[in-house]
Amino acid sequence: EDKVVQSPLSLVVHEGDTVTLNCSYEVTNFRSLLWYKQEKKAPTFLFMLTSSGIEKKSGRLSSILDKKELFSILNITATQTGDSAIYLCAVEAYTSGTYKYIFGTGTRLKVLA
Amino acid sequence: KAGVTQTPRYLIKTRGQQVTLSCSPISGHRSVSWYQQTPGQGLQFLFEYFSETQRNKGNFPGRFSGRQFSNSRSEMNVSTLELGDSALYLCASSLGYRAEQYFGPGTRLTVT
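Top to bottom, those sequences are chains A and B.
For the first sequence, the tail end lands on 119 under my numbering, and the numbers increase by one without skipping.
For the second sequence, the tail end lands on 114 under my numbering, and the numbers increase by one without skipping.
(1) In three-state terms, what does DSSP make of residue 72(A)?
(2) Below 8 Å on C-beta distance, what does residue 102(B) contact in chain A?
(3) Quick one: which chain A residues come within Cβ less than 8 Å of residue 92(B)?
(4) In terms of residues, what are the limits of the beta strand (DSSP E) holding residue 15(A)?
(5) Below 8 Å between beta carbons: does that hold for residue 113(A) and residue 14(A)?
(6) So the beta strand (DSSP E) residue 35(B) belongs to, where does it begin and stop?
(7) Within the continuous beta strand (DSSP E) that includes residue 9(B), where are the two ends?
(8) For residue 90(B), I'd like the list of residues in its chain whose CB is within less than 6 Å of its CB, leaving aside the five on either flank, ordered along the chain.
(9) Assuming residue 26(B) and residue 7(B) make a contact with CB atoms under 8 Å, what is their CB distance in whole Å?
(10) Of all the options 105(B), 88(B), 5(B) and 97(B), which has the alpha carbon lying nearest to the alpha carbon of residue 13(B)?
(11) Between residue 69(A) and residue 50(B), what straight-line distance do the alpha-carbon atoms span, to the nearest angstrom?
(12) Taking only beta carbons into account, state which residues of the stretch 58–72 of chain B come closer than 9 Å to chain A, listed in chain order.
(13) Compare the beta carbon distance of residue 74(A) and residue 58(A) with 8 Å and say whether it is the shorter of the two.
(14) How long is the line joining the alpha carbons of residue 83(B) and residue 114(B), rounded to whole angstroms?
(15) Does any residue of chain B bring its CB to less than 8 Å from the CB of residue 36(A)?
(16) From what residue to what residue does the beta strand (DSSP E) around residue 20(B) run?
(17) Identify which residue in 77(B), 72(B) and 105(B) has its Cα closest to the Cα of residue 32(B).
(18) Distance, Cα to Cα, residue 12(A) vs residue 93(A)?
(19) Which value, in whole angstroms, describes the spacing of the CA atoms of residue 83(A) and residue 58(B)?
(20) Just the C-alpha distance for residue 31(A) and residue 44(B), rounded to the nearest angstrom, thanks.
(21) Using a Cβ-Cβ cut-off of less than 8 Å, list which residues of the stretch 63–74 of chain A approach chain B; keep chain order.
(22) Taking 8 Å as the CB-CB cut-off, is residue 107(A) touching chain B?
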């Protein structure tokens, strides 16, 4: 059965800290891995990763994929209170002639001032 | 550019009834995907429509169905509602098939 596991489930840090969020997966016919940030509303897209070893960066956020070890990490440097959110990882897989997205349960990050 | 809009935002239904939710994608986007989010199961993919055709489907029973119109607007229908269908239903649109998705605010459905 396809699955995506995120760790840790929750994390509390202080402003300025650096955090690393993990996402491991076991899916049939992997196509891509996506990261989203969800605050009190709908998820917002952060990154889409398809190739191993190529880091994607957006400001203080960066992410990398390891297709051999089947995981991805999301790094946030110099955290701010505005980074407090649930971070979701999703894997796009191709099964039985159709694509589907499998989501992890998320990592809840709280950044304290 | 206006974002993805979903109507209604909140809905209360009784078990056994059916419900139709609507999603208007960002102008120019041709793909619409639907997701169910619950505290216990997290975010789960329902289906994706592109150019009025269902292209992808998650693991949900046939009570969950959808369609997309020629203007890319999409509707999702759930028949014979069960208590477990209570959830936040999110719609996401993208320019193309399997492209970056933009989520709407969701419809919170409560089944009593």
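For every residue, glycine included, the Cβ atom is placed at its ideal position computed from N, Cα and C.
Put simply:
(1) strand
(2) 51 and 54
(3) Simply 48 and 49.
(4) Note, residue 15(A): premise wrong, no beta strand (DSSP E); not H, not E.
(5) yes
(6) 33–40
(7) Taken as a continuous stretch (DSSP letters only), the beta strand (DSSP E) holding residue 9(B) covers 7–9.
(8) 39, 108 and 110
(9) The pair is a contact, with the Cβ atoms about 5 Å apart (cut-off 8 Å).
(10) Minimum Cα distance to residue 13(B) is reached at 88(B).
(11) Pairing residue 69(A) with residue 50(B), the inter-Cα distance amounts to about 26 Å.
(12) 58, 59, 60 and 61
(13) yes
(14) 9 Å
(15) no
(16) Premise fails: residue 20(B) is in no beta strand (DSSP E) and is neither H nor E.
(17) 72(B)
(18) 9 Å
(19) 36 Å
(20) 16 Å
(21) none
(22) yes
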